[in-house]
Amino acid sequence: MVIEGRPLAVPTLLARVAAGDPAAVREVLSRYANLVWSIARRFEPSDAEDAVQEIFLDLWKSAGRYDAERGSEVTFIAMIARRRLIDRRRTRRRRPEDSSQVADVVLEELAADGTSPAATADAAKAAHALDQLRPEQRQVLVLSTCHGLSHGEIAQQTGMPLGTVKAHARRGLMSIRAALLGVQGEES
Amino acid sequence: MKGDPLHPRAAELLTERALRPLDDKEHWELQQLGVDDDDSFDRAAAAVVVATTVMEPMPSTLMDKILAKAPGAGTLDWKRTLPGVSMPTPADQARDTLVGVELSELEKLKDQPVTEPLIAQKEVAPTKLMGVPSAALDTLPPPLVKRPPAIPAPSLVEPTDKPKSEEPKVRFSKDSSAPAISRTPTPATPMPSTRTPVSGVAVDVPRTPVPPADVPVVGRAPTPMQPITPLAPVLATPKIAAPDVIRMPLPQDSQPFSVETPPHAVPISRERSGPVPVLPPDVVTMPSRDELAQRRAAERQQAKTMPLAPQRRSVLPWLAAAACLAVAGGAVWWASAQKADPPTAPVVATTPATERAALLANATDVTKITWTITQDPTSHGATGDVVWSPSAQRGYMRFVGLVPNDPSQFQYQLWIFDKTRDQAYPVDGGVFDVASNGEVVVAINPKLHVNDLGMFAVTVEKPGGVVVSKRERIVVTATRS
Numbered sequence: 326m327v328i329e330g331r332p333l334a335v336p337t338l339l340a341r342v343a344a345g346d347p348a349a350v351r352e353v354l355s356r357y358a359n360l361v362w363s364i365a366r367r368f369e370p371s372d373a374e375d376a377v378q379e380i381f382l383d384l385w386k387s388a389g390r391y392d393a394e395r396g397s398e399v400t401f402i403a404m405i406a407r408r409r410l411i412d413r414r415r416t417r418r419r420r421p422e423d424s425s426q427v428a429d430v431v432l433e434e435l436a437a438d439g440t441s442p443a444a445t446a447d448a449a450k451a452a453h454a455l456d457q458l459r460p461e462q463r464q465v466l467v468l469s470t471c472h473g474l475s476h477g478e479i480a481q482q483t484g485m486p487l488g489t490v491k492a493h494a495r496r497g498l499m500s501i502r503a504a505l506l507g508v509q510g511e512e513s
Numbered sequence: 068m069k070g071d072p073l074h075p076r077a078a079e080l081l082t083e084r085a086l087r088p089l090d091d092k093e094h095w096e097l098q099q100l101g102v103d104d105d106d107s108f109d110r111a112a113a114a115v116v117v118a119t120t121v122m123e124p125m126p127s128t129l130m131d132k133i134l135a136k137a138p139g140a141g142t143l144d145w146k147r148t149l150p151g152v153s154m155p156t157p158a159d160q161a162r163d164t165l166v167g168v169e170l171s172e173l174e175k176l177k178d179q180p181v182t183e184p185l186i187a188q189k190e191v192a193p194t195k196l197m198g199v200p201s202a203a204l205d206t207l208p209p210p211l212v213k214r215p216p217a218i219p220a221p222s223l224v225e226p227t228d229k230p231k232s233e234e235p236k237v238r239f240s241k242d243s244s245a246p247a248i249s250r251t252p253t254p255a256t257p258m259p260s261t262r263t264p265v266s267g268v269a270v271d272v273p274r275t276p277v278p279p280a281d282v283p284v285v286g287r288a289p290t291p292m293q294p295i296t297p298l299a300p301v302l303a304t305p306k307i308a309a310p311d312v313i314r315m316p317l318p319q320d321s322q323p324f325s326v327e328t329p330p331h332a333v334p335i336s337r338e339r340s341g342p343v344p345v346l347p348p349d350v351v352t353m354p355s356r357d358e359l360a361q362r363r364a365a366e367r368q369q370a371k372t373m374p375l376a377p378q379r380r381s382v383l384p385w386l387a388a389a390a391c392l393a394v395a396g397g398a399v400w401w402a403s404a405q406k407a408d409p410p411t412a413p414v415v416a417t418t419p420a421t422e423r424a425a426l427l428a429n430a431t432d433v434t435k436i437t438w439t440i441t442q443d444p445t446s447h448g449a450t451g452d453v454v455w456s457p458s459a460q461r462g463y464m465r466f467v468g469l470v471p472n473d474p475s476q477f478q479y480q481l482w483i484f485d486k487t488r489d490q491a492y493p494v495d496g497g498v499f500d501v502a503s504n505g506e507v508v509v510a511i512n513p514k515l516h517v518n519d520l521g522m523f524a525v526t527v528e529k530p531g532g533v534v535v536s537k538r539e540r541i542v543v544t545a546t547r548s
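Chain order of the listed sequences is H and P.
Using the working numbering, the first residue of the first sequence is number 326, and each one after it goes up by one.
Using the working numbering, the first residue of the second sequence is number 68, and each one after it goes up by one.
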């Protein structure tokens with residue numbers, strides 16, 4: 326007898342991690358360790374090792390919240406990484422001896438060997454949307470999202486007025502989000 | 068494309084949340100707007116990060132550290148279960164024995180006399196029997212495995228023909244409408260007692276430590292397998308230990324058989340509201356009436372000394388209006404003054420070439436580097452140089468013979484390599500166009516401070532430039548010696 330029904334959903338890699346599958350943990354590390362490490366290096370060049378360990382601890386605990394219908398796995402992991410790094414940066418800012426870290430943050434990236442992981446759908450859309458932004462908008466957005474600089478720090482680094490920095494960051498991110506969701510975004 | 072229905076303020080707050088931590092007030096506002104769980108902006112920011120990240124290999128030593136702390140390494144228990152309940156590993160979990168059993172086979176068994184046991188002669192967990200027809204249960208033989216004798220315990224239901232020291236068991240009987248599943252608790256783990264007959268099922272867990280076997284037995288069922296419901300008076304007697312009795316009515320019952328309770332099983336009550344634990348007197352202390360009165364008086368006194376906000380609010384609009392008037396008046400005066408007194412000094416038009424000459428003449432720390440061309444067709448036969456002043460953070464590129472570009476097709480983009488920064492992340496020097504084959508001078512406007520110049524590089528990129536260059540077309544370079 327053939328029973329018709331919905332096909333069984335294949336558990337995602339993160340769902341397997343949430344279920345306690347050690348093999349899934351190793352697979353996540355083999356796939357995304359370099360990405361998380363690279364992101365942490367941009368946020369915290371001097372303390373990336375501690376940051377990466379914290380990120381993966383967060384990831385093991387948050388793996389069950391991943392919803393494949395809302396985005397790709399790599400975006401979810403990058404989101405977890407960003408949140409942890411932003412928290413660390415906020416904590417670091419409270420310590421005055423670490424304020425010099427801001428000066429070490431660079432503006433743009435030049436892929437050395439074309440290994441920028443824009444292979445996923447989300448990242449490809451984001452890259453395309455980034456190219457559509459005005460240069461100064463793109464500059465502010467990259468400094469803000471990829472390096473964790475505050476609006477004030479970006480204004481100080483670039484010489485733009487604070488209000489302009491805020492507007493660029495906000496409109497730039499809304500444009501990227503609109504591209505990901507397929508909705509009409511704000512005019513850039 | 069469809070429009071985005073997100074509230075503007077919600078969009079603003081969600082954008083801010085993706086870029087920086089929100090404060091408590093902003094969090095509250097997000098919750099009020101009902102978009103607190105919207106992570107689309109966070110995902111957009113994450114996608115930007117993924118799209119612009121240059122991959123670097125993680126050190127293997129760090130990988131080992133992460134693996135040591137990962138789930139499965141024994142250092143992190145990330146599974147969430149009932150407090151105090153350890154989840155069995157998948158290999159130990161009892162499975163539904165009906166999976167894989169054809170119902171038609173069970174139907175056949177009901178009709179024919181059974182001569183062989185349905186289930187192999189081995190221990191089975193109670194959960195594996197759920198759903199099996201009673202006819203099949205009739206055929207179950209007693210377990211062959213010899214178990215150690217269980218610790219005797221008193222029972223509220225005392226079958227007349229059963230010894231007191233019977234081990235933990237599940238009993239099914241045909242001669243009763245309410246058979247019982249009795250489970251003897253482990254004496255070393257006393258649990259709070261709850262006892263609620265629910266639809267013929269009584270789950271009893273001892274409130275007090277289980278007494279030794281010689282404690283007199285109280286309570287007796289009218290019939291051997293009938294549940295006793297009026298248990299409260301019995302429990303009210305402090306010295307009487309309540310036994311652990313679970314009764315389940317079954318439509319048909321077979322001969323009794325016993326199964327062993329798993330050693331890690333935790334009795335679970337079906338009663339939701341358990342007895343409230345009594346805290347020691349020093350844990351919870353309620354303030355007296357006098358103390359409460361003193362607190363209220365202090366709060367009232369404090370409230371009296373606070374400044375009144377409405378008075379300040381009433382003045383602010385007037386001050387703002389006055390400031391606006393002053394600014395407007397100043398602007399009118401300035402505009403009229405400009406018209407009345409036109410500038411007399413001649414405007415000198417400056418070009419990048421003149422600015423370059425001025426920089427070379429005035430700055431004392433100017434570095435001049437000649438371009439090195441590459442195999443890219445745009446630089447064949449090109450010459451020129453770049454001058455840079457570290458103190459002024461200004462410089463100029465000069466090209467002769469560089470192929471003119473169509474800005475709608477491609478643009479040139481300058482990258483500045485700073486020795487104090489990671490060489491994988493050069494500073495963006497901006498995009499520029501070349502209009503003719505003649506001499507072209509382009510001003511350099513770095514987006515960040517260049518601490519120690521290492522090299523200039525010009526690439527060919529798409530119109531508007533790129534965030535991440537693939538370095539597919541490098542036109543010229545200039546390395547500082």
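Just so you know, even glycine gets a beta-carbon here, dropped at the ideal spot from N, CA and C.
Note that the structure is a prediction, hence the values are computed from the model and not measured.
- Sufficient close CB pairs (3 or more, under 8 Å) joining the segment 341 to 360 of chain H to the segment 470 to 481 of chain P: no
- Task: Answer with yes or no whether the minimum CB distance from Leu339/H to chain P is below 7 Å.
- Result: no
- Straight-line gap, Ala137/P to Leu382/H (C-alpha atoms, nearest Å): 7 Å
- Item | Per-residue burial, Ile479/H [other beta carbons within 10 Å of its own, 16 or more giving buried] | buried
- Nearest chain H C-beta to Ile541/P closer than 7 Å, yes or no? no
- Message: So with CB distances below 7 Å, who are the chain P contacts of Ile479/H?
- Response: Near Ile479/H there are no residues of chain P at all, since even the closest Cβ is about 10 Å away, more than 7 Å.
- For Val508/P versus Phe499/P, is the C-beta spacing smaller than 7 Å? no
- Which chain H residues sit within Cβ distance under 8 Å of Met125/P? Ala358, Asn359, Val361, Trp362, Val377
- Determine which residues share a DSSP beta bridge with Lys537/P and list them. For Lys537/P, which the question treats as bridged, DSSP gives no partner whatsoever.
- Item | Supposed contact pair Val377/H and Val353/H - C-beta distance, whole angstroms, cut 8 Å | No, Val353/H and Val377/H are not in contact; Cβ-Cβ is about 13 Å, not under 8 Å.
- Item | For Met125/P, three-class secondary structure by DSSP | coil
- Message: Can you tell me which residues form a DSSP beta bridge with Arg465/P?
- Response: Asp452/P, Val508/P
- Item | Ser363/H vs Thr120/P beta-carbon contact at 7 Å | yes
- Message: Could you tell me the alpha carbon to alpha carbon distance between Glu366/P and Glu79/P, rounded to whole angstroms?
- Response: 38 Å
- Message: Against chain P, does Ser469/H count as a neighbour if the rule is that its beta carbon must be under 7 Å from one of theirs?
- Response: yes
- Query: Below 8 Å, can you find three or more Cβ-Cβ pairs linking the segment 106 to 119 of chain P to the segment 447 to 454 of chain H?
  - Reply: yes
- DSSP-derived helix/strand/coil call for Tyr479/P: strand
- Is Leu89/P helix, strand or coil when you go by DSSP? coil
- Message: Going by DSSP in three states, Leu474/H sits in which element: helix, strand or coil?
- Response: coil
- Check the Cβ of Asp412/H against every Cβ in chain P and list those closer than 9 Å, keeping chain order. Pro88
- Query: In or out: Asp159/P buried (at least 16 other Cβ within 10 Å) or exposed?
  - Reply: Bear in mind that the predicted position of Asp159/P carries a pLDDT of just 41, short of 50, making it unreliable; the figure below should be weighed with that in mind. Asp159/P comes out exposed.
- Query: At least one CB of chain A closer than 7 Å to the CB of Arg390/H: is that the case?
  - Reply: Protein chains H and P are contained in the structure displayed, whereas chain A is not.
- Message: So Arg461/P and Ile511/P are supposed to be a Cβ contact under 8 Å. How far apart are they, rounded?
- Response: 7 Å
- Under the three-state DSSP convention, the category Thr416/H falls into: helix
- Query: Going along chain H, which residues have a C-beta under 8 Å from Ile133/P?
  - Reply: Leu354, Ala358, Val377, Gln378, Phe381
- Message: Give me the chain H residues within the contact set of Phe108/P, using Cβ-Cβ distance strictly less than 7 Å, ordered along the chain.
- Response: Leu498, Arg502
- Query: If you measure from the beta carbon of Gly345/H to each beta carbon in chain P, is any gap under 7 Å?
  - Reply: yes
- Comparing alpha-carbon positions, which option in Asp375/H, Ala365/H, Ala373/H, Ser387/H lies nearest Ala342/H? The amino acid occupying residue 342/H in the given sequence is Val; Ala does not appear at that position. For Val342/H, the nearest C-alpha among the options comes from Ser387/H.
- Query: Would a check of beta-carbon distances place Glu369/H closer than 7 Å to chain P?
  - Reply: no
- Nearest to Pro370/H by alpha carbon, out of Tyr492/P, Ala502/P, Asn429/P? Tyr492/P
- Neighbouring residues, chain P, relative to Val490/H (Cβ below 9 Å): By Cβ distance, chain P contributes nothing, its closest Cβ being about 11 Å from Val490/H, past 9 Å.
- Would a check of beta-carbon distances place Pro384/P closer than 7 Å to chain H? no
- Query: Using 7 Å as the limit for Cβ to Cβ distance, is Asp447/H near chain P?
  - Reply: yes
- Message: Taking the beta carbon of Leu505/H as the centre, do at least 16 other beta carbons fall within 10 Å, making it buried, or is it exposed?
- Response: buried
- Query: Among residues of its own chain, excluding the 5 on either side of Trp385/H, which ones have a beta-carbon nearer than 8 Å to its beta-carbon?
  - Reply: Val342, Val350
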